[in-house]
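Here's the structure, in structure tokens; my notes come after.
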Amino acid sequence: MELFFMHTWQRVGIEGIGQQVGLYDTLNILGEPFSPHGLSIDFERSLIVTSDFVVPVTVLKPSAGIQRANTRRLWHLGNRKIINTLTIPDGGGIQDVKFIPGHPESAAIATAVHLGQGRKRKARPYRLIYDLGAKARDTTVIYSDITKDGKYAYFTLTTANHIAALDISDSNNVKRLDNPDEDQPTLDQKHLVVTDYFVETGDLGILITSGDHKALYVDIADNGALDFDRSIDFPREFYNRGGAQPHSSVVFNLTDPANPICY
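Going by this note's numbering, the first residue of the sequence shown is number 2, and it counts up by one from there.
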């Protein structure tokens, strides 16, 4: 799995967004896989970024094989129109995408299955910032999250059973912190809640990714490193309720139980 640093404003400027919407609203939609998987929103700039990963119908029988997409799309939040489509050649599926909090150009990080270096151009609105190596290659799905200060990023390597932690404070000198399911930093940014991802299509499809149905509560050190010390085994803890199979997680502030806040 590789990480791509994407300059959102390389083609569409903030001042010009109103004039550009009509030009880009139908660009590169028809004739391409259109199956958003990752999604991130920059509310201050009224932007949405999505990433196309797997064409859902291709995982169902009969199938000639899973079809993956290589596109990332920039949307205008107000009118939900596409204003820019970016293709990462040979990306092998763009699984997730996140805006970097506080970035002056509203740049984003996208996760791709492959290296995405199939086409050479002098000027590209994206660049490879980190290769997580062979262990991450061809994993089924990878989720990501970035701390609110935009300094640390975390990535789940689903079928590799691993969580990668990176210091992205300098995008030209990314540092790995973890010593080579969805992750959600808690409100205080000191912990990660990670659920064991799974997809089992059974007799209907060709995609079978089993999970052990656990949730990990991971402590984040001051330097961004991870400490795995707590977990919840749902089938064991809730056997009398039929077990549980968590697929993702949401963090709530329950300081006032009568008025819970979802983050």
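C-beta atoms are modelled at their ideal positions from N, C-alpha and C, and glycine is treated no differently. Computed from a prediction, not measured in an experiment: that's the story for all the values here.
Asked: Rounding to the nearest angstrom, what Cα-Cα distance links tyrosine 155 and glycine 206 in this structure?; Found: 30 Å
Asked: Between the C-alpha atoms of leucine 167 and threonine 88, what's the straight-line distance to the nearest angstrom?; Found: 25 Å
Asked: Beta-carbon separation of serine 52 and aspartate 91 under 8 Å?; Found: no
Asked: Would the beta-carbon of valine 1 fall within 8 Å of that of valine 219?; Found: The structure shown has nothing for residue 1, since the chain only spans 2 to 264.
Asked: Three Cβ pairs or more, each shorter than 8 Å: is that satisfied between the stretch 59–66 and the stretch 101–117?; Found: no
Asked: Taking just the CA atoms, how far does serine 170 sit from glutamate 201?; Found: 37 Å
Asked: Span of the alpha helix (DSSP H) holding phenylalanine 235?; Found: 235–238
Asked: Which one or two residues does DSSP pair with histidine 192 in a beta bridge?; Found: Asp220
Asked: Would you call the CB atoms of isoleucine 221 and leucine 193 closer than 8 Å?; Found: yes
Asked: With H, G and I counted as helix, E and B as strand and the rest as coil, what does DSSP make of proline 57?; Found: helix
Asked: Roughly how many angstroms separate the alpha carbons of serine 47 and alanine 70, rounded to a whole number?; Found: 25 Å
Asked: Please name the residue or residues paired with threonine 159 in a DSSP beta bridge.; Found: In DSSP, threonine 159 forms no bridge with anything.
Asked: Determine the direct distance from the alpha carbon of aspartate 234 to that of isoleucine 84, and round the result to whole angstroms.; Found: 44 Å
Asked: With a threshold of 7 Å on Cβ separation, who are the neighbours of phenylalanine 229 within its own chain once the five nearest residues in sequence on each side are excluded?; Found: Leu217, Val219
Asked: By alpha-carbon positions, which one of Gly103, Arg138, Gly93 ends up nearest to threonine 148?; Found: Gly103
Asked: What would DSSP say about glycine 103, mapped onto helix, strand or coil?; Found: coil
Asked: My assumption, with CB atoms under 8 Å, is that isoleucine 130 sits in contact with serine 172. Please give the rounded CB distance.; Found: 6 Å
Asked: Specify the secondary structure class of asparagine 241 as computed by DSSP and reduced to three states.; Found: helix
Asked: Let's see if you can read the secondary structure: which residues bound the beta strand (DSSP E) around asparagine 71?; Found: Counting along the chain, asparagine 71 falls outside any beta strand (DSSP E), and DSSP gives it neither H nor E.
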